[in-house]
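In terms of my numbering, the sequence shown is residues 942 to 1186.
In what follows, a structure is listed as C-alpha coordinates, so that the remarks can point back to it.
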Amino acid sequence: MAGHSKWANIQHRKKAQDAKRGKLFTRLIREVMVAAKAGGSDLTSNPSLRGAVDKAKSQSVPKDAIDRAIKRGAGELDGSDYEEIRYEGYGPAGIAIIVDCLTDNRNRTVAEVRHAFSKAGGNLGQDGSVAFMFSSLGVLTYAPGSDEDAIMEAALEAGADDIVTEEDGLIEVLTAPEDYIRVKEAMIEAGLEPEDSELTLRAANNTELDVEDGEKVMRLIDALEELDDVQEVFSNADFPDQLMQ
942 MAGHSKWANI
952 QHRKKAQDAK
962 RGKLFTRLIR
972 EVMVAAKAGG
982 SDLTSNPSLR
992 GAVDKAKSQS
1002 VPKDAIDRAI
1012 KRGAGELDGS
1022 DYEEIRYEGY
1032 GPAGIAIIVD
1042 CLTDNRNRTV
1052 AEVRHAFSKA
1062 GGNLGQDGSV
1072 AFMFSSLGVL
1082 TYAPGSDEDA
1092 IMEAALEAGA
1102 DDIVTEEDGL
1112 IEVLTAPEDY
1122 IRVKEAMIEA
1132 GLEPEDSELT
1142 LRAANNTELD
1152 VEDGEKVMRL
1162 IDALEELDDV
1172 QEVFSNADFP
1182 DQLMQ
(Lines of atoms letter the chains of each structure in order from A and count residues from 1; the text may use other names and numbers.)
(Lines give C-alpha, C1' and ligand atoms only; values in the text may rest on other atoms or scores of the structure.)
Protein backbone atom coordinates (compact mmCIF):
# COMPACT_ATOMS: atom_id res chain seq x y z
CA MET A 1 0.00 0.00 0.00
CA ALA A 2 3.04 2.31 -0.17
CA GLY A 3 2.03 5.58 -1.79
CA HIS A 4 -1.67 4.87 -1.28
CA SER A 5 -2.71 6.46 2.03
CA LYS A 6 -6.36 6.06 3.06
CA TRP A 7 -6.13 9.14 5.28
CA ALA A 8 -4.91 11.24 2.33
CA ASN A 9 -7.78 9.90 0.26
CA ILE A 10 -10.37 10.94 2.88
CA GLN A 11 -8.89 14.42 3.21
CA HIS A 12 -8.90 14.85 -0.56
CA ARG A 13 -12.57 13.84 -0.70
CA LYS A 14 -13.46 16.36 2.03
CA LYS A 15 -11.71 19.18 0.13
CA ALA A 16 -13.63 18.23 -3.02
CA GLN A 17 -16.91 18.28 -1.08
CA ASP A 18 -16.12 21.70 0.37
CA ALA A 19 -15.48 23.02 -3.14
CA LYS A 20 -18.91 21.82 -4.25
CA ARG A 21 -20.85 22.66 -1.11
CA GLY A 22 -23.91 24.11 -2.89
CA LYS A 23 -24.35 20.96 -4.96
CA LEU A 24 -23.63 18.82 -1.89
CA PHE A 25 -26.50 20.49 0.01
CA THR A 26 -28.88 19.68 -2.87
CA ARG A 27 -27.81 16.03 -2.88
CA LEU A 28 -28.19 15.68 0.87
CA ILE A 29 -31.66 17.26 0.82
CA ARG A 30 -32.75 14.85 -1.93
CA GLU A 31 -31.42 11.93 0.08
CA VAL A 32 -33.50 13.01 3.09
CA MET A 33 -36.60 13.34 0.90
CA VAL A 34 -36.26 9.87 -0.59
CA ALA A 35 -35.59 8.26 2.80
CA ALA A 36 -38.71 9.94 4.24
CA LYS A 37 -40.76 8.84 1.24
CA ALA A 38 -39.61 5.23 1.60
CA GLY A 39 -39.99 4.83 5.35
CA GLY A 40 -41.94 7.75 6.78
CA SER A 41 -40.97 10.85 8.72
CA ASP A 42 -40.29 9.24 12.13
CA LEU A 43 -36.53 9.22 12.75
CA THR A 44 -36.71 6.49 15.40
CA SER A 45 -38.53 4.00 13.17
CA ASN A 46 -36.76 4.93 9.93
CA PRO A 47 -33.00 4.28 10.24
CA SER A 48 -32.38 5.30 6.62
CA LEU A 49 -33.88 8.71 7.33
CA ARG A 50 -31.90 9.01 10.56
CA GLY A 51 -28.70 8.29 8.64
CA ALA A 52 -29.58 10.81 5.91
CA VAL A 53 -30.41 13.50 8.49
CA ASP A 54 -27.19 12.87 10.42
CA LYS A 55 -25.23 13.10 7.18
CA ALA A 56 -26.93 16.38 6.26
CA LYS A 57 -26.30 17.83 9.72
CA SER A 58 -22.61 16.84 9.57
CA GLN A 59 -22.29 19.01 6.46
CA SER A 60 -24.07 21.96 8.14
CA VAL A 61 -27.27 21.76 6.10
CA PRO A 62 -29.73 24.14 7.84
CA LYS A 63 -32.29 22.49 10.12
CA ASP A 64 -35.21 24.22 8.35
CA ALA A 65 -34.10 22.79 5.01
CA ILE A 66 -33.87 19.29 6.52
CA ASP A 67 -37.34 19.59 8.11
CA ARG A 68 -38.88 20.73 4.79
CA ALA A 69 -37.22 17.85 2.98
CA ILE A 70 -38.68 15.35 5.47
CA LYS A 71 -42.17 16.82 5.02
CA ARG A 72 -41.87 16.80 1.22
CA GLY A 73 -40.70 13.22 1.22
CA ALA A 74 -43.49 12.13 3.55
CA GLY A 75 -46.10 13.87 1.36
CA GLU A 76 -46.87 16.64 3.82
CA LEU A 77 -45.64 19.30 1.36
CA ASP A 78 -45.65 19.47 -2.44
CA GLY A 79 -42.38 18.65 -4.15
CA SER A 80 -40.71 16.77 -6.99
CA ASP A 81 -41.07 13.01 -7.05
CA TYR A 82 -37.59 11.48 -7.14
CA GLU A 83 -36.69 7.84 -7.67
CA GLU A 84 -33.47 6.01 -6.86
CA ILE A 85 -31.51 4.49 -9.75
CA ARG A 86 -28.15 2.74 -9.70
CA TYR A 87 -25.86 2.49 -12.74
CA GLU A 88 -22.80 0.27 -13.05
CA GLY A 89 -19.88 0.38 -15.44
CA TYR A 90 -16.16 0.31 -16.08
CA GLY A 91 -13.84 3.27 -16.31
CA PRO A 92 -10.26 3.66 -17.54
CA ALA A 93 -7.87 0.84 -16.51
CA GLY A 94 -10.89 -1.44 -15.99
CA ILE A 95 -11.90 0.30 -12.76
CA ALA A 96 -15.35 -0.79 -11.52
CA ILE A 97 -17.71 2.12 -10.85
CA ILE A 98 -21.17 2.34 -9.28
CA VAL A 99 -23.23 5.53 -9.67
CA ASP A 100 -26.20 6.14 -7.37
CA CYS A 101 -28.71 8.69 -8.63
CA LEU A 102 -31.91 10.40 -7.52
CA THR A 103 -33.89 11.65 -10.49
CA ASP A 104 -37.25 12.90 -11.66
CA ASN A 105 -36.35 12.10 -15.28
CA ARG A 106 -34.85 8.64 -15.86
CA ASN A 107 -34.17 9.21 -19.59
CA ARG A 108 -32.18 12.37 -18.94
CA THR A 109 -30.13 10.75 -16.20
CA VAL A 110 -29.10 7.63 -18.11
CA ALA A 111 -28.12 9.70 -21.14
CA GLU A 112 -25.90 11.98 -19.03
CA VAL A 113 -24.28 9.09 -17.15
CA ARG A 114 -23.64 7.13 -20.36
CA HIS A 115 -22.08 10.20 -22.00
CA ALA A 116 -19.71 10.71 -19.05
CA PHE A 117 -18.52 7.10 -19.24
CA SER A 118 -18.07 7.19 -23.03
CA LYS A 119 -16.19 10.49 -23.00
CA ALA A 120 -13.72 9.06 -20.46
CA GLY A 121 -13.12 5.89 -22.47
CA GLY A 122 -15.26 3.74 -20.18
CA ASN A 123 -18.58 2.05 -20.71
CA LEU A 124 -21.88 1.70 -18.91
CA GLY A 125 -22.64 -1.91 -18.04
CA GLN A 126 -25.68 -4.03 -17.26
CA ASP A 127 -27.25 -4.28 -13.80
CA GLY A 128 -25.05 -6.53 -11.68
CA SER A 129 -21.99 -6.16 -13.89
CA VAL A 130 -19.85 -4.77 -11.05
CA ALA A 131 -22.15 -4.75 -7.99
CA PHE A 132 -20.95 -8.21 -6.95
CA MET A 133 -17.54 -6.69 -6.21
CA PHE A 134 -18.97 -4.35 -3.55
CA SER A 135 -20.64 -4.75 -0.18
CA SER A 136 -22.71 -2.30 1.87
CA LEU A 137 -21.38 -1.33 5.29
CA GLY A 138 -21.13 1.42 7.87
CA VAL A 139 -17.71 3.01 8.40
CA LEU A 140 -16.55 5.16 11.33
CA THR A 141 -13.14 6.72 10.65
CA TYR A 142 -10.60 7.85 13.24
CA ALA A 143 -7.53 9.92 12.37
CA PRO A 144 -3.98 8.59 12.69
CA GLY A 145 -2.83 8.94 16.30
CA SER A 146 -6.21 8.09 17.83
CA ASP A 147 -6.34 5.76 20.84
CA GLU A 148 -6.57 2.36 19.13
CA ASP A 149 -7.15 0.37 22.32
CA ALA A 150 -10.02 2.59 23.50
CA ILE A 151 -11.63 2.54 20.07
CA MET A 152 -11.35 -1.23 19.78
CA GLU A 153 -12.80 -1.84 23.24
CA ALA A 154 -15.75 0.54 22.74
CA ALA A 155 -16.46 -0.67 19.19
CA LEU A 156 -16.53 -4.35 20.14
CA GLU A 157 -18.80 -3.58 23.07
CA ALA A 158 -21.11 -1.61 20.75
CA GLY A 159 -21.41 -4.55 18.36
CA ALA A 160 -19.14 -3.49 15.49
CA ASP A 161 -18.20 -6.15 12.96
CA ASP A 162 -14.51 -5.28 12.67
CA ILE A 163 -11.82 -2.73 13.56
CA VAL A 164 -9.08 -2.14 10.99
CA THR A 165 -5.88 -0.14 11.47
CA GLU A 166 -4.24 0.92 8.20
CA GLU A 167 -0.51 1.35 7.59
CA ASP A 168 -0.90 5.15 7.66
CA GLY A 169 -2.41 4.93 11.19
CA LEU A 170 -6.03 5.51 10.18
CA ILE A 171 -8.50 3.42 12.20
CA GLU A 172 -11.82 2.22 10.78
CA VAL A 173 -14.73 0.73 12.71
CA LEU A 174 -16.86 -1.36 10.35
CA THR A 175 -20.52 -2.24 10.95
CA ALA A 176 -23.42 -3.95 9.23
CA PRO A 177 -25.69 -1.29 7.63
CA GLU A 178 -28.48 -1.97 10.11
CA ASP A 179 -26.11 -1.50 13.08
CA TYR A 180 -24.45 1.69 11.83
CA ILE A 181 -26.52 4.27 13.73
CA ARG A 182 -26.48 2.28 16.98
CA VAL A 183 -22.70 1.75 16.90
CA LYS A 184 -22.04 5.37 15.96
CA GLU A 185 -24.16 6.66 18.84
CA ALA A 186 -22.46 4.27 21.27
CA MET A 187 -19.01 5.46 20.17
CA ILE A 188 -20.00 9.11 20.58
CA GLU A 189 -21.42 8.34 24.04
CA ALA A 190 -18.07 6.78 24.93
CA GLY A 191 -16.35 10.06 24.01
CA LEU A 192 -14.99 8.67 20.74
CA GLU A 193 -16.65 10.74 18.04
CA PRO A 194 -15.34 9.70 14.62
CA GLU A 195 -13.55 12.09 12.29
CA ASP A 196 -15.80 10.87 9.49
CA SER A 197 -18.67 8.38 9.25
CA GLU A 198 -20.91 7.06 6.50
CA LEU A 199 -22.98 4.26 5.08
CA THR A 200 -21.14 3.28 1.93
CA LEU A 201 -20.34 0.67 -0.66
CA ARG A 202 -16.84 -0.78 -0.54
CA ALA A 203 -15.08 -3.06 -2.98
CA ALA A 204 -13.71 -6.34 -1.66
CA ASN A 205 -10.45 -5.64 -3.51
CA ASN A 206 -9.12 -2.32 -4.81
CA THR A 207 -6.98 -1.79 -7.91
CA GLU A 208 -3.84 0.31 -7.42
CA LEU A 209 -3.43 2.95 -10.13
CA ASP A 210 -0.41 4.83 -11.38
CA VAL A 211 -0.60 8.61 -11.78
CA GLU A 212 -1.64 8.53 -15.46
CA ASP A 213 -4.52 6.08 -15.01
CA GLY A 214 -5.43 7.68 -11.70
CA GLU A 215 -5.89 11.06 -13.39
CA LYS A 216 -8.16 9.50 -16.04
CA VAL A 217 -10.34 7.79 -13.44
CA MET A 218 -10.50 10.97 -11.34
CA ARG A 219 -11.69 12.95 -14.36
CA LEU A 220 -14.49 10.43 -14.92
CA ILE A 221 -15.53 10.48 -11.26
CA ASP A 222 -15.46 14.30 -11.24
CA ALA A 223 -17.60 14.40 -14.41
CA LEU A 224 -20.14 12.02 -12.87
CA GLU A 225 -20.26 13.95 -9.59
CA GLU A 226 -20.91 17.17 -11.51
CA LEU A 227 -24.19 15.74 -12.85
CA ASP A 228 -27.20 17.13 -10.99
CA ASP A 229 -28.87 13.73 -10.58
CA VAL A 230 -25.82 11.89 -9.21
CA GLN A 231 -25.76 11.36 -5.45
CA GLU A 232 -22.73 9.11 -4.89
CA VAL A 233 -19.99 7.53 -6.97
CA PHE A 234 -18.18 4.42 -5.73
CA SER A 235 -15.18 2.70 -7.29
CA ASN A 236 -12.51 0.11 -6.58
CA ALA A 237 -9.75 2.58 -7.48
CA ASP A 238 -6.77 3.00 -5.17
CA PHE A 239 -5.27 6.36 -6.08
CA PRO A 240 -1.59 7.25 -5.55
CA ASP A 241 -0.86 9.90 -2.93
CA GLN A 242 0.45 12.30 -5.60
CA LEU A 243 -3.15 12.81 -6.69
CA MET A 244 -4.48 13.27 -3.16
CA GLN A 245 -2.77 16.61 -2.50
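Here a beta-carbon is modelled for each residue, glycine too, at the ideal position from N, C-alpha and C.
Please read all numbers here as calculations on a predicted model, not as lab measurements.
Item checked: Helix, strand or coil at Val1002 [DSSP, three-state] -> coil
Item checked: Cβ pair count under 8 angstroms reaching 3, the segment 1062 to 1071 against the segment 1002 to 1013 -> With the cut-off at 8 angstroms, the segment 1062 to 1071 and the segment 1002 to 1013 do not touch.
Item checked: beta strand (DSSP E) runs wholly inside the segment 978 to 1044, at least 3 long, in chain order -> You should have 1024 to 1031 and 1037 to 1044.
Checklist line | Cα-Cα separation, Val1114 to Ile1104 | finding: 5 angstroms
Check: What residues in its chain sit with their C-beta under 7 angstroms from that of Glu1136, if we drop five residues either side in the sequence?
Finding: Thr1082, Tyr1083 and Ala1084
Notebook entry, point to check: Taking all protein chains shown into account, do 16 or more other C-beta atoms lie within 10 angstroms of the C-beta of Leu990, making it buried, or fewer, making it exposed?
Noted result: buried
Checklist line | In DSSP terms, what Gly1079 is bridged to | finding: Beta bridge pairing from DSSP links Gly1079 with Thr1116 and Leu1140.
Checklist line | Buried versus exposed, by CB contacts within 10 Å (16 or more), Gln1183 | finding: Its Cβ having fewer than 16 others within 10 Å, Gln1183 is exposed.
Item checked: Exposure label - Gln1172; buried when at least 16 CB within 10 Å -> By the Cβ neighbour-count rule, Gln1172 is buried, with 16 or more other Cβ atoms within 10 Å of its own.
Note to self: Quick test of the definition: if touching needs 3 or more C-beta pairs under 8 angstroms, does the segment 1138 to 1157 touch the segment 1046 to 1053?
What the structure shows: no
Next item on the list: On a CA-only basis, which of Ile1036, Ser986 and Phe966 is nearest Phe1180? Give me that one, please.
Entry: Ile1036
Notebook entry, point to check: For Phe1075, which residues from the same chain have a beta carbon less than 7 angstroms from its beta carbon, with the 5 sequence-adjacent residues on both sides left out?
Noted result: Ile1039, Leu1142, Arg1143, Ala1144 and Phe1175
Next item on the list: Tell me, please, whether the segment 965 to 976 touches the segment 1107 to 1127 by the rule of three or more beta-carbon pairs shorter than 8 angstroms.
Entry: no
Next item on the list: Grab the span of the beta strand (DSSP E) containing Leu1176 for me, first residue to last.
Entry: Sequence check: residue 1176 is Ser here, not Leu. Val1171 to Ser1176 is the extent of the beta strand (DSSP E) around Ser1176.
Item checked: Short CB-CB distance (under 8 angstroms) between Glu1149 and chain B -> This model lacks chain B altogether; it includes just one protein chain.
Notebook entry, point to check: Between the C-alpha atoms of Gly1155 and Ser1059, what's the straight-line distance to the nearest angstrom?
Noted result: 17 angstroms
Margin query: Could you check whether the segment 1123 to 1135 touches the segment 1089 to 1096, counting it as contact only if at least three pairs of C-beta atoms, one from each stretch, sit closer than 8 angstroms?
Written below: Here the segment 1123 to 1135 makes contact with the segment 1089 to 1096; the two share three or more CB pairs at distances below 8 angstroms.
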